[in-house]
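Undergrad: Pasting a structure here, questions to come.
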Amino acid sequence: MDRFTTLDGLVLPIARSNVDTDAIIPKQFMKSIRRTGFGPNLFDEWRYLDRGEPGQDNSARPLNPDFALNLPRYRGAQIVLARENFGCGSSREHAPWALRDYGIKALIAPSFADIFHGNCFKNAMLPIVLDAATVDELFQAVDAAPGYRLHIDLPAQSVTMPSGEAIRFEIDAFRKHCLLNGLDDIALTLGQADAIRAYERVRRVQEPWLFE
Amino acid sequence: MMSTDAALTQPPRTLFDKIWQRHVVQETAGGASLLYVDRQLVYEVTSPQAFEGLRLAGRTPWRRETVLATADHNVPTTTRSEGIADPLSRLQVEQLEINCKEFGITEFGLRDRRQGIIHVIGPEQGATLPGMTIVAGDSHTSTHGAFAALAFGVGTSEVEHVLATQCLSLRKMKPMLVQVDGALRPGVGAKDLILAIIAKLGTAGATGYAIEFAGTAIRSLSIEARMTVCNMAIEAGARVGLIGVDDKTIDYLQGRPFAPAGKHWAPAVAYWRTLASDPEAHFERVVTLDASAVNPMVSWGTSPEMVVGIDAVVPDPALEPDPVKRAGMRSALHYMGLAPGTPIRSIRPDKVFIGSCTNARIEDLRAAAAVVQGRRVASTIKLALVVPGSGLVKAQAEQEGLARIFTQAGFEWREPGCSMCLGMNEDRLGPGERCASTSNRNFEGRQGPGGRTHLVSPEMAAAAAIAGHFVDVSEARH
C-alpha cells in the first residue's frame with residue numbers, strides 16, 4: 003500500500019450532509035471486477051447531466067456546471083471538504099476507489115460513516131474528523147478564496163490553513179502507523195498466525211459445531 | 074463455557090460484550106482488537122477484487138469451509154434459462170463461479186434453487202448461528218444480528234483480509250440499547266417499527282454503536298420480522314443490530330442444513346441460551362420507544378430518516394432550525410418532486426417493488442398477498458414487482474398459492490435477487506418515476522438515476538399498488 007505522510011492540496015467542497023456511497027459511485031459502475039478506473043464516474047449523477055453507463059466516453063458527456071467538481075477553480079483537488087456523515091449507506095469500497103482514482107488523498111468532515119471511514123485507510127486515504135464549527139469556517143474560507151489549499155501533516159496530526167494557523171486532529175494510533183509506513187494489513191495479521199491457531203484450538207472445544 | 078462461579082464474579086455484560094469478548098484473538102496496538110470471524114458470506118459485486126488480491130499475493134483462504142457464496146446483486150430476475158444478457162453482469166457472475174471453484178468455496182449458482190439474497194439464504198440455510206461473528210461485503214449484514222450473531226458489513230479489502238486470515242482488526246463498538254415496549258397496532262409491522270426508530274435516532278445517530286433491540290415488542294416479533302429490524306440498523310449508522318436468543322431463535326434453526334445436529338444440537342442450544350444481555354448490563358446509550366404509538370410509515374425524502382406516518386404531511390423545511398438540515402430537506406424535496414404540506418396519502422407511485430434483504434421472506438410475501446388477494450393493481454401503476462428473497466422462498470410462495478394471488482392481481486412474479494432495491498440489473502426506475510418500495514434506501518438514484526423511492530412495509534406497498542396512492546393498510550384490509 004502507498005504511504006501517507008504529508009499533503010499540500012487544493013480543497014474541493016462538497017456542501018451536503020449524508021453524502022452516501024451510491025452518490026459517490028453509482029451502482030452501474032460496480033460491475034467492474036477491477037479496483038481502478040472509477041475516477042471519471044466519481045459523483046456521476048451530480049457531475050454529468052446525462053445518464054452514466056459503463057463504457058461511455060466520459061470526456062464527451064455534458065457536465066453539470068453547478069457541481070463544485072466541475073468548476074475550474076477546483077481542478078486537481080486532492081482534499082475533499084464535506085459535511086456530516088460522509089460516506090453513509092452501502093459498504094462498497096468502490097467509493098474510496100473512485101475518490102482515490104480521481105486524485106483525492108484526504109477528506110475532512112465533522113463525521114464519517116463507519117464502514118467508509120475504515121475503507122479509506124485501506125486505500126492510503128486519510129479521513130480527518132474536525133468539529134462542525136471548524137468545518138463550517140473551512141467551507142467559508144474555501145468559498146472566499148479560489149485556490150484555497152490546506153497542508154496536512156499526519157506525523158504531527160495537524161491541518162494547517164494558509165494563514166499558518168494549525169488545527170490538530172485525532173487518529174487511531176494503529177491506523178496512523180499503517181498509513182505512515184504503507185503497511186499491508188493482511189501480512190501483519192498473518193504474522194499472528196500462531197495466535198490465531200491457538201485461539202481456534204480453544205474455540206473448537208467451546209463450539210465444536212463450528213469446526214466440524 | 075463459563076462456569077457459574079465465574080459468572081458470579083463477572084460484571085454484568087451486554088450481549089454485544091459477550092460475543093465480542095469470545096472472538097478477541099488478541100488486543101492489537103492503538104486500542105483495536107484482532108477479532109475472529111466465524112462466517113463470511115460472499116457475492117459477485119464486492120468480491121472479485123478480493124479474490125484477485127489473494128491470487129496476486131499467492132494466498133489461499135484460511136478456512137474455506139466458513140465461506141458461503143452466491144450471486145444476488147447483479148442477477149436478472151426474469152427467466153434464467155438464457156443466462157445473463159448484460160455482458161458486464163455476466164462477467165461478474167461468471168467470475169464469482171471461477172473464484173469459488175479455484176478457492177474451493179461453496180457457491181449456490183444461478184440454477185441452484187437455494188440461490189438468493191445472501192442475507193435471506195444465510196439464515197434460511199442455518200449458516201447464520203447465534204454467537205457467531207459474520208461478515209459480508211455488504212452493509213446489510215446487520216440482518217443476521219436477529220440471531221444474536223455479531224454481523225456487520227465490510228469493504229472489499231476486509232473481505233480479502235477475512236478470506237486470508239479469518240480475522241479483522243477492529244475497534245470495539247459502543248453498546249446501545251433500543252428498548253421497545255408495548256404492542257404494535259394491527260397493520261403496523263417490523264418495517265414501520267425500524268423506520269420509526271431511524272426517524273428517532275437519525276441516519277447517523279448510531280454511528281460507532283452496536284444496537285441491541287429489546288423489549289416486549291421485539292420479543293413478540295417473529296424471527297423474520299426481527300431480521301427486518303436488524304437489517305436497517307445500518308440506516309441509523311450502526312454497523313451492528315442485535316437481538317438476544319429466545320425459543321423462537323432456536324425453533325427457527327432446528328433442522329436447517331448448516332445448523333448443528335445430532336450430538337452437537339443440545340450443547341449448541343445450551344450455549345445459545347446464554348446469549349442475551351445480563352440484567353443490569355451497562356449500555357453507553359439507551360433509547361426507548363412505545364410500540365403502540367408507531368404508525369404505518371412512508372419515507373418522503375432521500376435519507377431513511379426522512380420518514381413520517383401515513384397520516385402526516387410532507388414536512389416544511391422552513392420550520393427546520395438547523396441550516397444544514399434545512400438545506401438537506403430542500404434538496405430532498407426538490408429531488409422527490411414534492412411540496413411541503415402534501416398529504417402522504419395523496420402521493421401516487423408509478424411502480425411498486427416488493428423485495429430486498431429487508432422484506433423478501435415468506436412472511437413478507439404472505440402479508441402483502443393478504444392485502445392483494447382478490448384485487449387488481451391500479452391502472453396508473455406501470456409496474457408492480459414481487460421478487461422473492463431466495464429460490465426456496467419462491468418455491469414456498471408458489472406452493473402456498475401466493476404467487477397466483479400476485480399474478481392475478483397484475484403483479485409480476487420474478488426470480489430471486491436484490492433487483493430494484495439497488496437497480497444493478499435491469500429492474501430500475503426511470504428518471505422521475507416514483508416507487509413504493511419495501512427496500513431499505515431512498516437515496517438519490519438508488520433505484521435508478523432520477524428515481525424517487527418511498528420506503529414502506531410489504532403491506533403498505535401492496536395497498537399502494539391496489540389504491541394507486543398511499544393508504545393506511547388497515548383501510549385496505551378485507
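These protein sequences, in sequence, are chains A and B.
Note that this note's numbering has the first sequence beginning at 3, numbered continuously upward.
Note that this note's numbering has the second sequence beginning at 74, numbered continuously upward.
Don't be surprised by glycine CBs; every beta carbon is placed ideally from N, CA and C.
Can you tell me where the alpha helix (DSSP H) with residue 101 of chain A in it begins and where it stops?
TA: Mapped onto the first sequence, residue 101 of chain A falls at position 99. Per DSSP, residue 101 of chain A belongs to the alpha helix (DSSP H) from 96-104.
Undergrad: Within the same chain, show all residues whose beta-carbon is closer than 6 Å to that of residue 114 of chain B, passing over the 5 residues directly before and after it, in chain order.
TA: By 1-based counting over the second sequence, the position of residue 114 of chain B is 41. Counting only Cβ-Cβ distances below 6 Å, and skipping sequence neighbours, we find 141, 191, 195, 209.
Undergrad: Could you work out which residues of chain E lie near residue 109 of chain B, taking near to mean beta carbons separated by less than 8 Å?
TA: The structure shown has no chain E; the protein chains it does contain are A and B.
Undergrad: Going along the chain, which residues of its own chain have a beta-carbon closer than 8 Å to the beta-carbon of residue 101 of chain B, five neighbours each way excluded?
TA: In the second sequence, residue 101 of chain B corresponds to position 28, counting from 1. 107, 242, listed in sequence order.
Undergrad: Identify the continuous alpha helix (DSSP H) that holds residue 200 of chain A and give its terminal residues.
TA: Indexing the first sequence from 1 puts residue 200 of chain A at position 198. Element bounds for residue 200 of chain A: 195-208.
Undergrad: Quick check: the Cα distance between residue 88 of chain B and residue 311 of chain B, rounded to an integer number of angstroms?
TA: For the purposes of this step, residue 88 of chain B is taken as residue 15 along the second sequence, with counting starting at 1. For the purposes of this step, residue 311 of chain B is taken as residue 238 along the second sequence, with counting starting at 1. If I take the Cα positions, the gap works out to 16 Å.
Undergrad: Which residue wins for smallest C-alpha separation from residue 532 of chain B, given the options B:512, B:408, B:468?
TA: Against the second sequence, residue 532 of chain B aligns to sequence position 459. Of the listed residues, the one whose Cα sits closest to residue 532 of chain B is B:512.
Undergrad: Helix, strand or coil for residue 251 of chain B? Go by DSSP, reduced to three states.
TA: Within the second sequence, numbered from 1, the residue matching residue 251 of chain B stands at position 178. Strand, per DSSP.
Undergrad: Ends of the alpha helix (DSSP H) at residue 45 of chain B?
TA: Here chain B covers residues 74 to 551 and nothing more, so residue 45 of chain B does not appear.
Undergrad: Strictly below 7 Å CB to CB, what residues from chain A border residue 121 of chain B?
TA: Within the second sequence, the letter at position 48 stands for residue 121 of chain B. Under the 7 Å cutoff, chain A gives 35.
Undergrad: Should the stretch 468-476 of chain B be regarded as contacting the stretch 492-502 of chain B, the criterion being three or more beta carbon pairs within less than 8 Å?
TA: Short answer: they don't touch.
Undergrad: Assess contact between the stretch 41-59 of chain A and the stretch 114-123 of chain A, defined as three or more Cβ pairs (one per stretch) separated by less than 8 Å. Is contact present?
TA: Cβ pair count under 8 Å is below three, so no.
Undergrad: Just to make sure I have the definition right: I need the residues of chain A whose C-beta is within less than 8 Å of the C-beta of residue 212 of chain B. Which are they?
TA: Position 139 of the second sequence, counting from 1, holds the residue named residue 212 of chain B. Residues of chain A passing the Cβ test: 91, 92, 93, 117.
Undergrad: Applying the 10 Å Cβ sphere with the 16-neighbour rule, what's the burial state of residue 166 of chain A?
TA: Your numbering for residue 166 of chain A matches position 164 in the first sequence. Exposed, because fewer than 16 other Cβ atoms sit within 10 Å of the Cβ of residue 166 of chain A.
Undergrad: Spell out whether any CB of chain A is found under 9 Å from the CB atom of residue 549 of chain B.
TA: Numbered from 1 along the second sequence, position 476 holds the residue referred to as residue 549 of chain B. Residue confidence for residue 549 of chain B is low, a pLDDT of 48 falling below 50, so the modelled location carries little weight; the figure read from the coordinates is stated next. So, not an interface residue.
Undergrad: Please state the DSSP three-state secondary structure of residue 177 of chain A.
TA: Here residue 177 of chain A refers to the residue found at position 175 when the first sequence is read from its first residue. DSSP places residue 177 of chain A in helix when its eight states are reduced to three.
Undergrad: Here's the rule: buried if 16 or more other CB atoms are within 10 angstroms of the residue's CB, otherwise exposed. What is residue 74 of chain B?
TA: Taking the second sequence and counting its residues from 1, the one referred to as residue 74 of chain B is at position 1. Any reading at residue 74 of chain B must be qualified, since the residue scores a pLDDT of 45, below 50, and its modelled position is unreliable; the value itself is stated next. The residue is exposed, with fewer than 16 neighbouring Cβ atoms inside 10 Å.
Undergrad: Can you list, in chain order, the residues of its chain whose CB lies under 6 Å from that of residue 437 of chain B, leaving out five sequence neighbours each side?
TA: For the purposes of this step, residue 437 of chain B is taken as residue 364 along the second sequence, with counting starting at 1. Taken in chain order, the residues that qualify are 531.
Undergrad: Would you report the Cα separation of residue 419 of chain B and residue 380 of chain B, rounded to the nearest angstrom?
TA: Stepping through the second sequence from its first residue, residue 419 of chain B is reached at position 346. Stepping through the second sequence from its first residue, residue 380 of chain B is reached at position 307. Looking at the two C-alpha atoms, the distance is approximately 15 Å.
Undergrad: Decide if residue 204 of chain A is buried, meaning its Cβ has at least 16 other Cβ atoms within 10 Å, or exposed.
TA: Residue numbering aside, residue 204 of chain A sits at position 202 when the first sequence is read from its first letter. With fewer than 16 other Cβ atoms within 10 Å, it is exposed.
Undergrad: Between the alpha carbons of residue 319 of chain B and residue 189 of chain B, how many angstroms are there, rounded?
TA: Looking up residue 319 of chain B in the second sequence gives position 246. Looking up residue 189 of chain B in the second sequence gives position 116. C-alpha separation (whole angstroms): 27 Å.
Undergrad: With a threshold of 16 other CB atoms inside 10 Å of the CB of residue 144 of chain B, please say whether the residue is buried or exposed.
TA: To locate residue 144 of chain B, count along the second sequence from 1; it is residue 71. Buried, because 16 or more other Cβ atoms sit within 10 Å of the Cβ of residue 144 of chain B.
Undergrad: Spell out whether any CB of chain B is found under 9 Å from the CB atom of residue 215 of chain A.
TA: Limits of chain A in this structure are 3 at one end and 214 at the other, which puts residue 215 of chain A out of reach.
Undergrad: Does the Cβ-Cβ distance between residue 328 of chain B and residue 283 of chain B come in under 9 Å?
TA: Position 255 of the second sequence, counting from 1, holds the residue named residue 328 of chain B. Position 210 of the second sequence, counting from 1, holds the residue named residue 283 of chain B. In this structure, residue 283 of chain B does not lie closer than 9 Å to residue 328 of chain B by Cβ.
Undergrad: Under a CB-based cut-off of 9 Å, is residue 157 of chain A close to chain B?
TA: Translated into the one-based positions of the first sequence, residue 157 of chain A becomes position 155. Answer no: the Cβ-Cβ gap between residue 157 of chain A and chain B never drops below 9 Å.
Undergrad: Which residue wins for smallest C-alpha separation from residue 526 of chain B, given the options B:539, B:534, B:509?
TA: Position 453 of the second sequence, counted from the start, is the residue given in the question as residue 526 of chain B. Per the Cα distances, B:509.
Undergrad: Would you say residue 90 of chain B lies against chain A (beta-carbon separation less than 9 Å)?
TA: Locating residue 90 of chain B in the second sequence gives position 17, counting from the first residue. So, not an interface residue.
Undergrad: Leaving out the 5 sequence neighbours to the left and right, which residues in its chain are closer than 6 Å to residue 544 of chain B when beta-carbon positions are compared?
TA: Against the second sequence, residue 544 of chain B aligns to sequence position 471. Result list for residue 544 of chain B: 536, in chain order.
Undergrad: Verify the CB distance criterion: does residue 212 of chain A have a CB-CB separation below 9 Å to chain B?
TA: Taking the first residue of the first sequence as 1, we reach residue 212 of chain A at position 210. Closer than 9 Å: yes.
Undergrad: Using a Cβ-Cβ distance cut-off of 9 Å, determine whether residue 522 of chain B contacts chain A.
TA: Locating residue 522 of chain B in the second sequence gives position 449, counting from the first residue. With 9 Å as the cut-off, residue 522 of chain B counts as an interface residue toward chain A.
Undergrad: Write down the C-beta distance between residue 369 of chain B and residue 382 of chain B rounded to the nearest angstrom, noting that I regard them as a contact closer than 8 Å.
TA: Locating residue 369 of chain B in the second sequence gives position 296, counting from the first residue. Locating residue 382 of chain B in the second sequence gives position 309, counting from the first residue. With 8 Å as the limit, residue 369 of chain B and residue 382 of chain B qualify as a contact, their Cβ atoms being about 7 Å apart.
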